[in-house]
Amino acid sequence: MNLVLGSALLGLNLFVLIALPLLHAPLAWTAAALAVVALLSPTLWALVHEAIHGLLHPQRRWNHLGGRVLAVAFGSPLRAMRFAHLRHHRYNRTRWGSDEIYDPVTQPRWLAYLTHYVRITFGLYAAEITVLFACWLPRSVLLPPLREACPDLPDGSAGMAKMLERDLLSEEGLREMRIDSLGVLALYGTSFVLYGSAAWLVAAFLALRAFLASQLDHAPHHGTPVEQRDHALNLTAPRWLHRLLLNFPLHRTHHQNPHLPWTSLPQASRFDGEDIPFVRGVLRQWRGPVAIGDAPRASPSSAA
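Counting from 82, one number per residue, gives the positions in the sequence shown under my numbering.
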C-alpha cells in the first residue's frame, strides 16, 4: 500500500513540476493540475511521517531511502523533518512544545497573535524550507541554539540533546541533509525555469502546500491540556478524509501508539467527549493563541 501510494504521489509531483510545463497545456488546465497535486500534500507528508517512525517499509534501508525521496518532493530533508517531529513527540504540551501557548509577562499580546497567525498560515512549512540553507552553516553555529531547544524535562525524562549531536548534526547527518537540500533546490529550481513566465504557478503551488501543512500540523493539539505529553485529540471526519490523510485525524491514538502504522490506527482508536470534528479542530486555531493562565491543565492522573 505505502509503495503504491508513494510511487503515485512522487510521480504526480514530478509530472506537474517537470513534465507538465513541457506539454504547453492551456494555463487553466496547468493551474488545475498543480492545485490538485498541491491539495495532496498532506498525504505526501503522511507518508514521510510513516518513514519517520520506521513504518514506510519493513526494511530499514528502504524505509530511509524512500522517506528521503518523498521528503525531497515535499521540499525538505528527511533527517531534519524526522528530528523536528520526534522532538514534537518528546516535548508535546510542555513549554517547549505548546505552540499556541504564550506568557503575557514575557511576550506582548500583539506579538503572540502575529506569531501564531504566521505559524498556522505558512510558518511551519517556511521553517522546513529554511533547513535547505541553514544546514550549510558550520556545526558550531547550529549546535548551541538547537541544544537550548532540547533540554531535559522537569520530570527527569531525557531531552533530545544526544540525538541532536549524534544524528542531526553528526558528520553523516549534515552530509545527508546537504545532499537532500541540493535535491530539493534542483527539483524546484528546474521547475521554476521550465515554467518560465508562468513560474508564479509553482510559487502558488508551494504557497498552497505551505498553507495546508501549517494549518493541519498543530490542529489536534490546539487548546488541549498542557503538561500531558502523550495527548492530542482524535478528530472525527468522513471516512474518505481519514483515508486521504492516512488517518492523521486519529492523532491521540498515534501519540499513544507511535509504533502503529496508519492502517492500524482505526482499530486502536476511541473517541472521548473532548474530541471534535476535524474542520472545527482546524478552524478553532483562528481564535488565536492562548495565554498560559487560560490554558487547560492535565489532571494529575493523566499527566505524563
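Virtual Cβ for every residue (Gly too), placed ideally from N, Cα, C.
Exercise for review: Taking only runs that begin and end inside the stretch 155-243, name each unbroken alpha helix (DSSP H) of 4 or more residues, in chain order.
Suggested key: The stretch 155-243 contains these whole alpha helix (DSSP H) runs: 159-172, 190-199, 205-215, 220-229.
Review point. Does the Cβ-Cβ distance between SER157 and LEU293 come in under 8 Å?
Key: Counting from 1 along the sequence shown, the entry for residue 157 is found at position 76. Counting from 1 along the sequence shown, the entry for residue 293 is found at position 212. The answer is no: Cβ separation not under 8 Å.
Point to revise | Integer Cβ distance of MET241 from ARG174, believed to fall under 8 Å | key: If you number the sequence shown from 1, residue 241 lands on position 160. If you number the sequence shown from 1, residue 174 lands on position 93. That pair is no contact at about 16 Å.
Exercise for review: Check ALA318 in the structure and name its three-state DSSP category.
Suggested key: By one-based count along the sequence shown, residue 318 stands at place 237. Looking at ALA318 - three-state DSSP - the assignment turns out to be coil, as it is neither helix nor strand.
Practice item. Under the assumption that LEU314 contacts ILE373 (Cβ atoms under 8 Å), give the Cβ distance between them as a whole number of angstroms. Key: One-based indexing of the sequence shown puts residue 314 at position 233. One-based indexing of the sequence shown puts residue 373 at position 292. About 20 Å; that fails the 8 Å criterion.
Check your understanding: Roughly how many angstroms separate the alpha carbons of ALA384 and ARG324, rounded to a whole number?
Key -> One-based indexing of the sequence shown puts residue 384 at position 303. One-based indexing of the sequence shown puts residue 324 at position 243. Here ALA384 scores only 45 on pLDDT, less than 50, and its place in the model should not be relied on; the value that follows carries that caveat. Approximately 31 Å between the Cα atoms of the pair.
**Study point:** Cβ neighbours of ARG200 in the same chain (closer than 7 Å, five flanking residues each side left out)
**Key:** Taking the first residue of the sequence shown as position 1, residue 200 is located at position 119. The residues are ASP180, SER295.
**Study point:** PRO347 versus ASN328: straight-line alpha-carbon distance, rounded
**Key:** The sequence position of residue 347 within the sequence shown is 266, counting from 1. The sequence position of residue 328 within the sequence shown is 247, counting from 1. C-alpha separation (whole angstroms): 8 Å.
Review point. If we count Cβ pairs, one from each stretch, closer than 8 Å, do we get three or more for the stretch 305-319 versus the stretch 110-119?
Key: As far as the Cβ criterion goes, the stretch 305-319 does not touch the stretch 110-119, which means the pair count is below three.
Practice item. Measure how close the beta-carbons of ILE133 and SER272 come, nearest whole angstrom, since I'm counting them as under 8 Å. Key: Against the sequence shown, residue 133 aligns to sequence position 52. Against the sequence shown, residue 272 aligns to sequence position 191. Not quite, the Cβ-Cβ distance comes to about 25 Å (not below 8 Å), so this is no contact.
Review point. Per DSSP, which one or two residues make a beta bridge with ALA372?
Key: Residue 372 sits at position 291 when you count from the first residue of the sequence shown. ALA372 pairs with TYR183.
Exercise for review: Apply the 10 Å Cβ neighbour rule to THR261 and answer buried if 16 or more other Cβ atoms are within range, or exposed otherwise.
Suggested key: Looking up residue 261 in the sequence shown gives position 180. Contrary to the premise, residue 261 reads as Asp rather than Thr in this sequence. Its Cβ being crowded by 16 or more others within 10 Å, ASP261 is buried.
Point to revise | Segment limits, alpha helix (DSSP H) that includes VAL118 | key: For this step, residue 118 is matched to residue 37 along the sequence shown. Taken as a continuous stretch (DSSP letters only), the alpha helix (DSSP H) holding VAL118 covers 108-120.
**Study point:** Beta-carbon contacts of LEU266 that lie in its chain and below 7 Å, excluding the five residues immediately before and after
**Key:** If you number the sequence shown from 1, residue 266 lands on position 185. Closer than 7 Å at Cβ, skipping near neighbours: LEU213.
Check your understanding: DSSP beta-bridge partners for ARG378?
Key -> Residue mapping note: residue 378 aligns to position 297 of the sequence shown, counting from 1. Paired residue(s): VAL307.
**Study point:** C-alpha distance - LEU93 paired with VAL118, whole-angstrom precision
**Key:** The sequence position of residue 93 within the sequence shown is 12, counting from 1. The sequence position of residue 118 within the sequence shown is 37, counting from 1. In a straight line, the C-alpha of LEU93 is about 7 Å away from that of VAL118.
Check your understanding: Do CYS216 and ARG259 come within 8 Å of each other at the CB atom, strictly closer than that value?
Key -> Within the sequence shown, numbered from 1, the residue matching residue 259 stands at position 178. Within the sequence shown, numbered from 1, the residue matching residue 216 stands at position 135. Against a cut-off of 8 Å, the Cβ pair of CYS216 and ARG259 comes out as a contact.
Review point. What did DSSP end up calling LEU331 once you bin it into helix, strand or coil?
Key: For this step, residue 331 is matched to residue 250 along the sequence shown. LEU331: strand per DSSP, three-state reduction.
Review point. Below 8 Å, can you find three or more Cβ-Cβ pairs linking the stretch 82-91 to the stretch 147-157?
Key: yes
Point to revise | LEU137 burial status per 10 Å Cβ neighbour count (16 or more: buried) | key: The residue given as residue 137 occupies position 56 in the sequence shown. Counting Cβ neighbours within 10 Å, LEU137 comes out buried, since at least 16 surround it.
Practice item. Evaluate HIS332 with the Cβ neighbour count: other Cβ atoms within 10 Å of its Cβ, from every protein chain shown; 16 or more gives buried, anything less gives exposed. Key: By 1-based counting over the sequence shown, the position of residue 332 is 251. Looking at its Cβ environment, which holds 16 or more other Cβ atoms inside 10 Å, HIS332 is buried.
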